[in-house]
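Undergrad: Before anything else, here's the structure in question.
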Amino acid sequence: MARDGVIAGGPTWIDKRFRSEVGPHMRNLAEALQQLCRHLLPDKTAGHTGTRLTQAKAAARIPCCESSLSRFLSGQSMPDLAIVEALYGAACRDAGGDHAVGVTLETLRLLHKQAEAERGRRGNGALAAEVDALTEQLRTVESERAALRDEVAVLKEAVKELKTTRAGLQARLAARTPSGPLPVPRRKGDRQRMRTDVSAVRGLVTQAGRLDADGRAEAALMLLRRSTEVLNPLETAGVLLLLRQQQHDELADNLIHVYGRDQGDQDVLQVALTLHEQGSPDDAGAILHAALE
51 MARDGVIAGG PTWIDKRFRS EVGPHMRNLA EALQQLCRHL LPDKTAGHTG
101 TRLTQAKAAA RIPCCESSLS RFLSGQSMPD LAIVEALYGA ACRDAGGDHA
151 VGVTLETLRL LHKQAEAERG RRGNGALAAE VDALTEQLRT VESERAALRD
201 EVAVLKEAVK ELKTTRAGLQ ARLAARTPSG PLPVPRRKGD RQRMRTDVSA
251 VRGLVTQAGR LDADGRAEAA LMLLRRSTEV LNPLETAGVL LLLRQQQHDE
301 LADNLIHVYG RDQGDQDVLQ VALTLHEQGS PDDAGAILHA ALE
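Position in the sequence shown (from 1) plus 50 gives the number in my numbering.
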């Protein structure tokens, strides 16, 4: 039977639990919607006395889908004002008038307006938090980029110094008398060049070794890789020999792999031949193997 216009022992689907994140104004609106649903009567066309109104049939009367009605009653979704007004109208008709539902349409509109404003504020707060997080990420990226710019500047300066050293060496070699490297026999001539090339690249190896010792192995390898722009194969072989002598073995291994992979076959063969002649057959084989990968 009815009590104060509300069906006694009403449907259990009307009573929803509110999650902690549901704001007070959204909760007030949802509770008012629940109260309206308690005034809805079962479908008289069912032909069964005492038939309970289901959530699906209640949703169809508004109209909306069943899952949407469930979210409206639990404060998880914001209903359109038209949905609120439609539910109010259905409840008033079933209860016998607007005086019987316990809430006015003006009050419902106010509750809807307050809940909508509350949702907007919460959305703005979430957006602000996301903006703060993205701003912090941007600061980190800018800091990393500045560090990389400094690193590149150091490497460019090192390459510039290397080019200057090589230019001076080439000028001195051009001004030398026939006491310079003999063109033949080939083996003897290459060894004489090797001794000169070692002095030209010693500064490069020293700087790369210093970077490696400071824990900046990647920067050291980048410096050595860029040196291939200004070093000929004999000088590259000299770099590898000096790296081995100074026990920078990991740098030597990495340079062998990169040089063998990236350089032309003729340059790789010349480096391999020089290494073999200077007593480094393992490195000679390794650079040839890298070229074949």
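From the three backbone atoms N, C-alpha and C, an ideal C-beta is built for every residue, glycine too.
Out of curiosity, what's the CA-to-CA distance linking R276 and L188?
TA: 30 Å
Undergrad: Taking Cβ to Cβ, would you say R159 is nearer than 8 Å to L131?
TA: yes
Undergrad: Could you give the C-beta distance for Q257 and L273, rounded to a whole number, given that I count them as a contact under 8 Å?
TA: Correct: roughly 7 Å between the Cβ atoms.
Undergrad: Kindly list the residues whose CB is nearer than 6 Å to the CB of L338, restricted to its own chain and excluding five residues on each side of it in sequence; keep chain order.
TA: A322
Undergrad: Could you check what DSSP says for L281 in three-state terms: helix, strand or coil?
TA: coil
Undergrad: Which residues bound the alpha helix (DSSP H) around H75?
TA: 74-87
Undergrad: What residue does the alpha helix (DSSP H) around Q320 start on, and which one ends it?
TA: 315-327
Undergrad: Identify whether G265 lies in helix, strand or coil by the three-state DSSP scheme.
TA: coil
Undergrad: Report the rounded CA-to-CA distance for T104 versus A82, giving the unit in angstroms.
TA: 19 Å
Undergrad: Can you list, in chain order, the residues of its chain whose CB lies under 6 Å from that of I112, leaving out five sequence neighbours each side?
TA: I133, A136, L137
Undergrad: Since D303 is in the alpha helix (DSSP H), which residue starts that stretch and which ends it?
TA: 299-312
Undergrad: Is Q296 helix, strand or coil when you go by DSSP?
TA: In this structure, Q296 counts as coil in the three-state DSSP scheme.
Undergrad: Cβ of L90 within 8 Å of Cβ of A141?
TA: yes
Undergrad: Please list the terminal residues of the continuous alpha helix (DSSP H) segment that includes A106.
TA: Unbroken alpha helix (DSSP H) run through A106: 105-111.
Undergrad: Mark D315 as exposed unless 16 or more other C-beta atoms lie within 10 angstroms of its C-beta, in which case mark it buried.
TA: exposed
Undergrad: Just checking my contact of L155 with K66 at CB under 8 Å: how many whole Å lie between their CB atoms?
TA: Contact doesn't hold; Cβ gap of about 22 Å is too wide.
Undergrad: State buried or exposed for G146, treating a residue as buried only when at least 16 other CB atoms are found within 10 Å of its CB.
TA: exposed
Undergrad: Out of E186, G125, K210, which one is the CA nearest neighbour of R169?
TA: The residue with the shortest Cα to Cα distance from R169 is G125.
Undergrad: Determine the extent of the alpha helix (DSSP H) in which R143 is found, giving its start and end residues.
TA: 131-145
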